[in-house]
Amino acid sequence: MTVRRTVRVGRAGAAGVLIALGIGLGAYNSWWIALLLSLPLIVGGVALLPWPSRVSELVPFVEQTLGELVPVRVDALSRSSLAENDLQPTLVTATISPPHDTAYQGRWIASMSSGEFRSLTERPDTELPLRRLPPREPARAPEFHDQPGKWAVIYPAVTMLVALTVLFGVGDAWHISPSSASAPAAPRADTGPKSKSMDLNARRDGMIRAITAQFGPAAANNLLGVRLTGSGSDYGTVLDPTNGDTTTVYINNGGDAFTTPSPRVQRKDSTFLATDIASTDLNAIVDKMVRQLESQGRLSKLDTLEIKRSGPGAPVILTGTFGSKTVDALPDGTVGEIFDPADFAVSFQKARDGLALAGIAPSDRVLTNFEIRGTHRATPTARPSEVQTNGGVMLDFQTGDRAGQIIVVPGELPEITDKSYNSGRQTFSFDDISQEAFETVRAQAMQRGALEPYEREAVDIWLTDREIDEHRLAIRIELAGVKEATGTYSLTGEFLAPGAI
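Mapped onto my numbering, the consecutive letters of the sequence shown carry residue numbers 527 to 1027.
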């Protein structure tokens, strides 16, 4: 690698550091830090980044008068005309006469100004340093489109790699203590000890103490959320009910607490009381979550445990995040069950339990849709529904004065939503559906699509009425995205037609 390229790689790395500093400081701190520090750092990083051009990687053609020089006679010059800049790539064909060696003809592309081009045209005899001579037998003929070549990718790749390494390699170091920053800052909260336990219950209690120490005892009645991370950093959000302002309290691994104003405005119906979660055994709840994940062969290392209302006026939910998987729980210790929707026996029981929660009997002819969607990676997801992303069981219902949905997603708590609409579809009861019919439909679809045994888990099967389909109320199925496996079946499992509308 030439000195020129070494310097450019260094610039690319330095640009990555500046960009990462800007992103990290802006993402983990308040808005004024982003304005005063992050934006200049990002702009500086982008400005420092080397941008390869058609001449940036070429050696300039400069006549030398010092050092070991070799006579060169220029036979032909071909100057690129793709741009109007003075400095352009120029194909040089020349006879090179090294001392004590046979002469040879070399071809190479150099960076050359228009003045140098005219000078060589008028006086083709010149001299070049030995280190700048082209090889006698090049691997391939030089072409104008060779530049800037791989370096157009290498420099940005170095910048991105360095930026990602810095951004994700420093943990919680991005948070700047507002009390020590030069800009106006919120006061530091009283935290007591300089270290803290990793016990989740102790960390929750420490967060509540920090909030009440900073904002007074009434703040314990205006909590918006508490988030405990696997790395030991904790966050709490509290509402000022007089104006809707929110403030985030951050406690680092050392037990130091800092407050940062948040730009979000919230309402009282999104808050909960500290007493709602004070007696909850967070350790026991997370242990239940871990056991469920391990029984399914999934990652069981806790990333975050977040406590907040699932919506304005909704229940307080504890959500544990383990990699890409989340598990919900209630403060009373109830934990959402992780199950396989492709196991129809389990899914049918989940549907029955959901109906009971909604106060609907299996014999009530109020259902308009019943869907089971698997969680396998190959499960079709083109058809939109409430279980489209995470899989699960869904039932739509409508009565004379009520309409809504029952949603049961693996790892989440059953959800019943009421909606003020009437679909006009034919209704059916849960007793009209049989697990055996669903199993029969899947078996036929597997055979029609010539699927592998594991693809039975990549299932999306639903029973509903479709006015634009002549078969109206029917079972429809998609398996693993295979067209031949898609079909429409009767409620007893008899094949009616290919495709599923």
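Every residue, glycine too, gets a C-beta built ideally from N, C-alpha and C.
- If you draw a straight line from the Cα of residue 548 to the Cα of residue 862, it is about 39 angstroms long.
- The three-state secondary structure of residue 825, taken from DSSP, is coil.
- Cβ contact annotation for residue 874 (same chain, cutoff 6 angstroms, sequence separation greater than five): 961, in chain order.
- If you look at residue 587, you'll find it isn't in any alpha helix (DSSP H); DSSP assigns it neither H nor E.
- For residue 655, the pairing in a beta bridge is given by DSSP as 595.
- Proximity to residue 740 across 783, 839, 693 peaks at 783, based on C-alpha coordinates.
- With contacts defined by Cβ atoms closer than 7 angstroms, residue 1001 and residue 1015 form a contacting pair.
- Using a 10 angstroms sphere on the CB of residue 799, the tally of other CB atoms stays under 16, which defines it as exposed.
- For residue 861, the secondary structure class from DSSP, reduced to helix, strand or coil, is strand.
- Per DSSP, the continuous alpha helix (DSSP H) segment holding residue 738 begins and ends at 726-741.
- Looking at the DSSP output, residue 763 shares a beta bridge with 751, 774.
- Put simply, the backbone Cα of residue 966 is about 11 angstroms away from that of residue 973.
- Counting of Cβ neighbours within 10 angstroms places residue 922 among the buried residues, the total reaching 16 or more.
- Three or more beta-carbon pairs separated by less than 8 angstroms link the region 729-748 to the region 772-779, which places the two stretches in contact.
- The beta carbon of residue 638 sits closer than 6 angstroms to the beta carbons of 587, 616 from its chain, once the five residues preceding and following it are set aside; these are given in chain order.
- Excluding the 5 residues flanking it on each side, residue 541 has same chain C-beta neighbours closer than 6 angstroms at 571, 574, 575, 685, in chain order.
- One thing to note: residue 795 has its Cβ no nearer than 7 angstroms to the Cβ of residue 742.
- The beta carbon of residue 643 is closer than 7 angstroms to those of 603, 605, 616 in its chain, skipping five residues each way along the sequence.
- When beta bridges are read from the DSSP output, residue 929 appears opposite 924.
- The continuous beta strand (DSSP E) containing residue 851 extends over residues 851-855.
- In the three-state DSSP reduction, residue 623 falls in the coil class, being neither helix nor strand.
- Sequence-distant Cβ neighbours of residue 1023 in its own chain, meaning closer than 8 angstroms and more than five residues away, are 997, 1013, 1014.
- Nearest to residue 546 by C-alpha distance, out of 683, 601, 689, is 689.
- Counting along the chain, the unbroken alpha helix (DSSP H) around residue 968 starts and ends at 961-974.
- Spanning the alpha carbons of residue 565 and residue 551 requires a straight line of approximately 10 angstroms.
- Under the DSSP assignment, residue 834 falls in the beta strand (DSSP E) whose first and last residues are 830-835.
- DSSP places residue 667 outside both helix and strand once states are collapsed to three, so it counts as coil.
- A straight-line Cα-Cα distance of about 45 angstroms links residue 940 and residue 563.
- At least 7 angstroms separates the beta-carbon of residue 669 from that of residue 595.
- Relative to residue 787, the option among 766, 984, 802 whose CA is nearest is 766.
- In the three-state scheme derived from DSSP, where H, G and I count as helix and E and B as strand, residue 998 is classed as coil.
- Within the DSSP bridge table, the entry for residue 787 names 773 as partners.
- Cβ-Cβ distances below 7 angstroms link residue 658 to 585 in the same chain, with the five nearest sequence neighbours on each side left out; the list follows chain order.
- With respect to the 7 angstroms criterion, residue 919 and residue 971 are not classified as neighbours on the basis of their beta carbons.
- Fewer than three pairs of CB atoms, one per stretch, sit closer than 8 angstroms, so the region 806-824 makes no contact with the region 895-902.
- When the alpha-carbon of residue 963 is set against those of 667, 727, 779, 1020, the nearest one is in 1020.
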